[in-house]
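A quick write-up on the structure given underneath.
Residue numbers (this note's numbering): 1433 to 1760.
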(Lines of atoms letter the chains of each structure in order from A and count residues from 1; the text may use other names and numbers.)
(Lines give C-alpha, C1' and ligand atoms only; values in the text may rest on other atoms or scores of the structure.)
Protein backbone atom coordinates (compact mmCIF):
# COMPACT_ATOMS: atom_id res chain seq x y z
CA UNK A 1 0.00 0.00 0.00
CA UNK A 2 1.29 3.46 -0.78
CA UNK A 3 2.70 5.85 1.77
CA UNK A 4 0.30 8.51 3.03
CA UNK A 5 0.91 11.89 4.62
CA UNK A 6 0.18 12.12 8.34
CA UNK A 7 -2.55 14.43 9.58
CA UNK A 8 -1.24 17.93 10.37
CA UNK A 9 -0.51 18.68 14.00
CA UNK A 10 0.27 22.37 13.77
CA UNK A 11 -1.24 24.63 16.42
CA UNK A 12 -3.50 27.09 14.62
CA UNK A 13 -2.15 30.65 14.72
CA UNK A 14 -4.53 33.60 14.99
CA UNK A 15 -6.07 34.53 11.63
CA UNK A 16 -6.79 38.26 11.41
CA UNK A 17 -8.81 40.15 8.81
CA UNK A 18 -6.86 43.40 9.01
CA UNK A 19 -3.40 44.67 9.84
CA UNK A 20 -4.98 46.90 12.47
CA UNK A 21 -5.86 43.82 14.53
CA UNK A 22 -2.20 42.90 15.05
CA UNK A 23 -0.77 43.31 18.56
CA UNK A 24 2.19 45.67 18.89
CA UNK A 25 5.44 43.82 18.10
CA UNK A 26 8.37 43.81 15.70
CA UNK A 27 8.03 41.02 13.15
CA UNK A 28 9.43 39.14 10.21
CA UNK A 29 6.76 39.33 7.49
CA UNK A 30 6.12 37.44 4.28
CA UNK A 31 3.56 38.49 1.66
CA UNK A 32 1.92 36.43 -1.06
CA UNK A 33 -1.21 34.97 -2.58
CA UNK A 34 0.01 31.45 -1.69
CA UNK A 35 -2.61 29.62 -3.79
CA UNK A 36 -1.94 25.92 -3.34
CA UNK A 37 0.87 26.56 -0.82
CA UNK A 38 3.15 24.59 -3.14
CA UNK A 39 6.78 23.58 -2.56
CA UNK A 40 8.08 27.02 -3.53
CA UNK A 41 5.67 28.75 -1.16
CA UNK A 42 6.66 26.41 1.65
CA UNK A 43 10.31 27.20 1.07
CA UNK A 44 9.56 30.92 1.42
CA UNK A 45 7.37 30.38 4.48
CA UNK A 46 9.95 28.13 6.09
CA UNK A 47 12.76 30.64 5.62
CA UNK A 48 10.55 33.39 7.01
CA UNK A 49 9.83 31.34 10.13
CA UNK A 50 13.49 30.38 10.56
CA UNK A 51 14.55 34.04 10.39
CA UNK A 52 11.86 35.05 12.89
CA UNK A 53 13.04 32.38 15.31
CA UNK A 54 16.62 33.58 14.89
CA UNK A 55 15.58 37.13 15.78
CA UNK A 56 13.18 36.04 18.52
CA UNK A 57 10.13 37.76 16.99
CA UNK A 58 6.79 36.57 15.53
CA UNK A 59 6.52 35.41 11.92
CA UNK A 60 3.56 36.93 10.07
CA UNK A 61 2.12 35.83 6.72
CA UNK A 62 0.07 38.42 4.83
CA UNK A 63 -2.18 36.97 2.15
CA UNK A 64 -5.23 38.03 0.15
CA UNK A 65 -8.78 36.81 -0.45
CA UNK A 66 -10.21 36.59 -2.99
CA UNK A 67 -7.17 35.67 -5.04
CA UNK A 68 -6.22 38.90 -6.85
CA UNK A 69 -6.65 37.33 -10.29
CA UNK A 70 -10.30 36.59 -9.46
CA UNK A 71 -10.84 40.32 -9.01
CA UNK A 72 -8.57 41.69 -11.72
CA UNK A 73 -8.80 39.07 -14.51
CA UNK A 74 -11.73 36.74 -13.74
CA UNK A 75 -12.22 35.83 -17.40
CA UNK A 76 -8.60 34.67 -17.72
CA UNK A 77 -8.18 32.96 -14.36
CA UNK A 78 -8.14 29.15 -14.55
CA UNK A 79 -9.26 28.65 -10.96
CA UNK A 80 -7.99 28.08 -7.46
CA UNK A 81 -5.72 25.20 -6.53
CA UNK A 82 -7.19 24.95 -3.05
CA UNK A 83 -10.01 26.61 -1.09
CA UNK A 84 -9.21 29.41 1.39
CA UNK A 85 -9.51 27.13 4.44
CA UNK A 86 -7.00 24.68 2.95
CA UNK A 87 -4.62 27.52 2.18
CA UNK A 88 -4.72 28.81 5.75
CA UNK A 89 -4.17 25.31 7.14
CA UNK A 90 -1.09 24.83 4.96
CA UNK A 91 0.33 28.22 5.93
CA UNK A 92 -0.22 27.35 9.59
CA UNK A 93 1.57 24.03 9.10
CA UNK A 94 4.68 25.97 8.04
CA UNK A 95 4.92 27.38 11.57
CA UNK A 96 3.70 30.95 11.11
CA UNK A 97 2.73 32.71 14.33
CA UNK A 98 0.14 35.01 12.75
CA UNK A 99 -1.79 35.14 9.48
CA UNK A 100 -3.42 38.29 8.15
CA UNK A 101 -5.99 37.74 5.39
CA UNK A 102 -6.62 41.05 3.66
CA UNK A 103 -9.73 41.57 1.53
CA UNK A 104 -8.52 42.07 -2.03
CA UNK A 105 -10.79 44.72 -3.50
CA UNK A 106 -10.57 46.99 -6.55
CA UNK A 107 -9.65 49.77 -4.11
CA UNK A 108 -6.75 47.77 -2.70
CA UNK A 109 -5.58 46.93 -6.22
CA UNK A 110 -5.23 50.65 -6.94
CA UNK A 111 -2.96 51.34 -3.98
CA UNK A 112 0.59 52.35 -4.75
CA UNK A 113 3.42 50.29 -3.25
CA UNK A 114 4.21 53.25 -1.00
CA UNK A 115 0.65 53.31 0.36
CA UNK A 116 0.44 49.58 1.01
CA UNK A 117 3.90 49.26 2.54
CA UNK A 118 3.42 52.41 4.60
CA UNK A 119 0.35 50.90 6.25
CA UNK A 120 2.13 47.57 6.67
CA UNK A 121 5.09 49.27 8.35
CA UNK A 122 2.80 51.22 10.67
CA UNK A 123 0.65 48.24 11.67
CA UNK A 124 3.03 45.26 11.57
CA UNK A 125 6.40 46.90 12.39
CA UNK A 126 8.43 44.58 10.15
CA UNK A 127 12.14 44.12 10.71
CA UNK A 128 12.35 42.24 7.44
CA UNK A 129 9.92 41.40 4.63
CA UNK A 130 10.48 38.12 2.80
CA UNK A 131 9.04 37.59 -0.70
CA UNK A 132 9.62 35.46 -3.77
CA UNK A 133 12.04 36.87 -6.33
CA UNK A 134 9.23 37.49 -8.86
CA UNK A 135 6.89 39.09 -6.33
CA UNK A 136 5.34 42.48 -7.10
CA UNK A 137 2.61 44.57 -5.53
CA UNK A 138 0.74 47.79 -6.11
CA UNK A 139 -1.19 49.09 -9.09
CA UNK A 140 0.12 47.53 -12.32
CA UNK A 141 2.59 45.49 -10.21
CA UNK A 142 5.10 48.33 -10.20
CA UNK A 143 6.30 47.38 -6.72
CA UNK A 144 8.89 44.74 -7.61
CA UNK A 145 11.57 43.53 -5.19
CA UNK A 146 13.93 46.40 -5.99
CA UNK A 147 11.20 48.99 -5.46
CA UNK A 148 10.06 47.35 -2.20
CA UNK A 149 13.66 47.47 -0.98
CA UNK A 150 13.89 51.19 -1.80
CA UNK A 151 10.68 51.90 0.08
CA UNK A 152 11.77 49.67 2.96
CA UNK A 153 14.99 51.62 3.39
CA UNK A 154 12.92 54.68 4.19
CA UNK A 155 10.46 52.85 6.42
CA UNK A 156 12.97 50.90 8.48
CA UNK A 157 12.73 47.36 7.16
CA UNK A 158 14.96 45.18 4.99
CA UNK A 159 13.78 42.99 2.10
CA UNK A 160 14.85 39.41 1.45
CA UNK A 161 14.02 37.80 -1.91
CA UNK A 162 13.90 34.00 -2.11
CA UNK A 163 14.81 32.30 -5.39
CA UNK A 164 12.05 30.30 -7.02
CA UNK A 165 12.36 26.52 -6.85
CA UNK A 166 12.68 24.53 -10.05
CA UNK A 167 12.21 20.93 -11.07
CA UNK A 168 12.87 19.14 -14.35
CA UNK A 169 9.98 20.92 -16.08
CA UNK A 170 10.85 24.46 -15.01
CA UNK A 171 9.97 26.88 -12.24
CA UNK A 172 7.51 25.67 -9.62
CA UNK A 173 4.58 28.07 -9.78
CA UNK A 174 0.84 28.13 -9.16
CA UNK A 175 0.31 28.77 -12.89
CA UNK A 176 2.26 25.63 -13.83
CA UNK A 177 0.24 23.59 -11.35
CA UNK A 178 -3.05 24.89 -12.73
CA UNK A 179 -1.99 23.94 -16.27
CA UNK A 180 -1.02 20.46 -15.13
CA UNK A 181 -4.39 19.94 -13.41
CA UNK A 182 -6.33 21.16 -16.45
CA UNK A 183 -4.32 18.81 -18.67
CA UNK A 184 -4.89 15.82 -16.37
CA UNK A 185 -1.19 15.68 -15.51
CA UNK A 186 -1.93 15.15 -11.83
CA UNK A 187 1.35 13.30 -11.22
CA UNK A 188 3.20 16.46 -12.29
CA UNK A 189 0.86 18.61 -10.20
CA UNK A 190 1.56 16.35 -7.23
CA UNK A 191 5.31 16.77 -7.71
CA UNK A 192 5.05 20.57 -7.88
CA UNK A 193 2.63 20.81 -4.96
CA UNK A 194 4.41 18.27 -2.82
CA UNK A 195 1.06 16.50 -2.25
CA UNK A 196 -1.89 15.39 -4.41
CA UNK A 197 -4.42 17.82 -5.81
CA UNK A 198 -7.59 17.60 -3.73
CA UNK A 199 -11.29 18.02 -4.49
CA UNK A 200 -13.56 18.31 -1.45
CA UNK A 201 -17.30 18.59 -1.16
CA UNK A 202 -20.57 17.27 0.18
CA UNK A 203 -21.79 13.99 -1.30
CA UNK A 204 -24.93 14.60 -3.36
CA UNK A 205 -27.45 12.30 -5.02
CA UNK A 206 -26.84 11.35 -8.62
CA UNK A 207 -28.67 9.11 -11.07
CA UNK A 208 -27.76 6.01 -8.99
CA UNK A 209 -26.60 4.24 -12.16
CA UNK A 210 -23.30 3.24 -10.56
CA UNK A 211 -25.00 1.13 -7.92
CA UNK A 212 -27.06 -0.75 -10.52
CA UNK A 213 -23.91 -1.75 -12.46
CA UNK A 214 -21.82 -2.67 -9.43
CA UNK A 215 -19.88 0.59 -9.08
CA UNK A 216 -21.65 2.85 -6.58
CA UNK A 217 -20.12 6.29 -6.36
CA UNK A 218 -19.95 9.20 -3.95
CA UNK A 219 -20.72 12.23 -6.11
CA UNK A 220 -19.31 15.68 -5.39
CA UNK A 221 -19.95 18.92 -7.26
CA UNK A 222 -16.54 20.63 -7.51
CA UNK A 223 -16.37 24.15 -6.05
CA UNK A 224 -17.06 26.56 -8.93
CA UNK A 225 -13.83 28.50 -8.41
CA UNK A 226 -11.58 25.41 -8.24
CA UNK A 227 -9.34 24.77 -11.24
CA UNK A 228 -11.12 22.04 -13.27
CA UNK A 229 -9.57 18.60 -13.59
CA UNK A 230 -9.39 17.14 -17.07
CA UNK A 231 -12.16 14.60 -17.67
CA UNK A 232 -11.19 10.99 -17.17
CA UNK A 233 -10.57 8.18 -14.69
CA UNK A 234 -8.12 8.66 -11.82
CA UNK A 235 -6.58 6.53 -9.10
CA UNK A 236 -7.20 8.36 -5.84
CA UNK A 237 -7.30 8.29 -2.07
CA UNK A 238 -10.58 9.43 -0.53
CA UNK A 239 -10.90 10.57 3.07
CA UNK A 240 -14.23 10.28 4.87
CA UNK A 241 -15.23 12.06 8.09
CA UNK A 242 -15.10 8.77 10.03
CA UNK A 243 -11.47 9.24 11.08
CA UNK A 244 -10.41 5.97 9.47
CA UNK A 245 -7.89 7.62 7.16
CA UNK A 246 -7.69 7.71 3.36
CA UNK A 247 -9.33 4.85 1.45
CA UNK A 248 -8.32 3.61 -2.00
CA UNK A 249 -10.70 4.77 -4.69
CA UNK A 250 -11.33 5.07 -8.41
CA UNK A 251 -12.53 8.53 -9.40
CA UNK A 252 -14.35 9.66 -12.53
CA UNK A 253 -14.48 13.29 -13.66
CA UNK A 254 -16.86 14.24 -16.45
CA UNK A 255 -20.43 14.36 -17.73
CA UNK A 256 -21.13 10.62 -18.29
CA UNK A 257 -21.45 10.72 -22.10
CA UNK A 258 -22.36 7.03 -22.43
CA UNK A 259 -25.63 7.42 -20.53
CA UNK A 260 -26.48 11.11 -20.70
CA UNK A 261 -25.09 14.61 -20.81
CA UNK A 262 -25.35 16.04 -17.34
CA UNK A 263 -23.65 18.32 -14.89
CA UNK A 264 -19.93 17.87 -14.47
CA UNK A 265 -19.29 15.81 -11.34
CA UNK A 266 -16.47 14.16 -9.47
CA UNK A 267 -17.70 10.60 -8.89
CA UNK A 268 -15.65 8.38 -6.58
CA UNK A 269 -16.00 4.62 -6.21
CA UNK A 270 -14.39 3.56 -2.94
CA UNK A 271 -12.83 0.13 -3.29
CA UNK A 272 -14.10 -2.54 -0.89
CA UNK A 273 -16.47 -0.12 0.83
CA UNK A 274 -20.20 -0.20 1.40
CA UNK A 275 -21.90 2.65 3.20
CA UNK A 276 -24.18 5.66 2.93
CA UNK A 277 -22.20 8.87 2.45
CA UNK A 278 -24.96 11.27 1.38
CA UNK A 279 -24.64 14.65 3.05
CA UNK A 280 -21.11 13.97 4.30
CA UNK A 281 -18.07 16.00 3.25
CA UNK A 282 -15.34 13.90 1.64
CA UNK A 283 -11.86 14.74 0.35
CA UNK A 284 -10.64 13.18 -2.90
CA UNK A 285 -6.89 13.25 -3.53
CA UNK A 286 -6.18 12.41 -7.18
CA UNK A 287 -2.89 10.66 -7.82
CA UNK A 288 -2.78 9.43 -11.40
CA UNK A 289 -4.91 9.81 -14.51
CA UNK A 290 -5.50 6.32 -15.85
CA UNK A 291 -7.31 7.30 -19.05
CA UNK A 292 -9.34 10.12 -20.61
CA UNK A 293 -13.13 10.05 -20.68
CA UNK A 294 -14.77 8.00 -23.42
CA UNK A 295 -18.17 7.13 -24.87
CA UNK A 296 -19.06 3.43 -25.00
CA UNK A 297 -21.54 1.54 -27.17
CA UNK A 298 -23.61 0.49 -24.17
CA UNK A 299 -23.59 -0.44 -20.51
CA UNK A 300 -21.89 -3.81 -21.08
CA UNK A 301 -18.92 -2.11 -22.71
CA UNK A 302 -18.86 0.52 -19.97
CA UNK A 303 -18.84 -2.10 -17.20
CA UNK A 304 -16.05 -4.03 -18.92
CA UNK A 305 -13.96 -0.88 -19.05
CA UNK A 306 -14.73 -0.05 -15.41
CA UNK A 307 -13.46 -3.48 -14.40
CA UNK A 308 -10.24 -2.79 -16.26
CA UNK A 309 -10.04 0.64 -14.61
CA UNK A 310 -10.53 -0.94 -11.19
CA UNK A 311 -7.71 -3.40 -11.84
CA UNK A 312 -5.44 -0.55 -12.95
CA UNK A 313 -6.37 1.47 -9.85
CA UNK A 314 -5.62 -1.43 -7.52
CA UNK A 315 -2.30 -2.07 -9.23
CA UNK A 316 -1.28 1.58 -9.09
CA UNK A 317 -2.18 2.08 -5.44
CA UNK A 318 -0.51 -1.18 -4.43
CA UNK A 319 2.86 -0.49 -6.05
CA UNK A 320 3.12 3.29 -6.41
CA UNK A 321 5.10 5.06 -3.70
CA UNK A 322 2.75 8.03 -3.72
CA UNK A 323 1.93 10.34 -0.81
CA UNK A 324 -1.68 11.12 0.01
CA UNK A 325 -2.93 14.25 1.73
CA UNK A 326 -4.69 13.47 5.02
CA UNK A 327 -5.67 16.87 6.31
CA UNK A 328 -7.36 20.15 5.48
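All C-beta atoms, glycine included, are put in the ideal place defined by N, C-alpha and C.
Item                                                                                                                                       : Value
Cross-strand partners of residue 1599 (DSSP beta bridge)                                                                                   : 1602
For residue 1510, the three-state DSSP class (helix, strand or coil)                                                                       : coil
The stretch 1711–1718 touching the stretch 1628–1635, judged by at least three CB pairs closer than 8 angstroms                            : yes
Inter-residue spacing [alpha-carbon to alpha-carbon] between residue 1675 and residue 1662                                                 : 29 angstroms
Three-pair Cβ contact test at 8 angstroms for the stretch 1581–1588 versus the stretch 1545–1560                                           : yes
Identified DSSP bridge partners for residue 1531                                                                                           : 1447, 1493
Rounded separation between residue 1699 and residue 1610 - CA only                                                                         : 21 angstroms
Residue 1660 versus residue 1578: straight-line alpha-carbon distance, rounded                                                             : 36 angstroms
DSSP-derived helix/strand/coil call for residue 1681                                                                                       : strand
Range of the contiguous beta strand (DSSP E) that encloses residue 1667                                                                    : 1664–1671
Spatial neighbours of residue 1602 in its chain, beta-carbon cut-off 8 angstroms, leaving aside the 5 residues before and after            : 1608
Nonlocal neighbours in the same chain, by C-beta distance under 8 angstroms from residue 1474, ignoring five residues either side          : 1522, 1526, 1626
DSSP bridge partner residues for residue 1702 (one or two, in chain order)                                                                 : 1681
Contained beta strand (DSSP E) runs [length at least 3] in the stretch 1709–1745, N- to C-terminal order                                   : 1713–1723
Residues that residue 1583 bridges to, as DSSP identifies them                                                                             : DSSP, once it has assigned bridges, lists no residue as partnering residue 1583.
Cα-Cα separation, residue 1744 to residue 1544                                                                                             : 54 angstroms
Cβ-Cβ separation, residue 1721 to residue 1652 (assumed contact under 8 angstroms), whole Å                                                : 18 angstroms between Cβ atoms; not a contact.
Length of the line joining the Cα atoms of residue 1494 and residue 1592                                                                   : 15 angstroms
Beta carbon of residue 1686 nearer than 9 angstroms to that of residue 1657                                                                : no
Cβ distance (whole Å) where residue 1445 is taken to contact residue 1529 below 8 angstroms                                                : 5 angstroms
Those residues which DSSP pairs with residue 1653 across a bridge                                                                          : Partner(s): none; residue 1653 has no beta bridge.
Segment contact, 8 angstroms Cβ cut-off, at least three pairs: the stretch 1482–1490 with the stretch 1506–1516                            : no
Closest Cα partner of residue 1468 within the set 1648, 1588, 1688, 1621                                                                   : 1621
Residue range of the alpha helix (DSSP H) that includes residue 1554                                                                       : 1545–1556
Nearest candidate by alpha-carbon position, reference residue 1498, set 1518, 1505, 1464, 1535                                             : 1535
Chain-order list of residues whose beta-carbon lies under 7 angstroms from that of residue 1547 (same chain, five-residue window excluded) : none
Residue closest to residue 1672, alpha-carbon to alpha-carbon, out of 1648, 1635, 1735, 1728                                               : 1635
Helix, strand or coil at residue 1518 according to DSSP, with G and I counted as helix                                                     : helix
Candidates 1679, 1737, 1649, 1448: closest to residue 1524 by CA position                                                                  : 1448
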